[in-house]
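Per the numbering used here, the sequence shown starts with residue 57, numbered consecutively.
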Amino acid sequence: MIKTGSSSKNRKKINIIEEMPEWLRPSGIFGIGFQSIFLLTDEVKIETKSFFNEEFQNIELNSTNSIKDGAILIQKRKLIIVLSQE
């Protein structure tokens, strides 16, 4: 994951996190922000498109409390254009 919005030079913050029990530590550089979506839903679907080509990715994230037990599905696909003459 890109470390946007985080500073590896913030020693005070790093020390505080390192002193926390493992279960309390943030699971990523953004803390619990994105993960809090699972308080509202068991499944998040994201569709992305590459800036450089016509490739897409469908990403499905599931809560660890859901029937899918935290599964992550990533599907890559390409844009297909069908032209027809009438």
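Idealized CB from N, CA, C, for every residue including glycine.
Under DSSP, the beta-bridge partners assigned to T104 are Q113.
As DSSP reads the structure, R81 sits in no beta bridge. Secondary structure at I130: strand, using DSSP grouped into helix, strand and coil. Around the beta carbon of L80, fewer than 16 other beta carbons sit within 10 angstroms, so the residue counts as exposed.
Shown here for E103: same chain residues with a beta carbon closer than 6 Å to its own, the five before and five after excluded, namely N114 in chain order.
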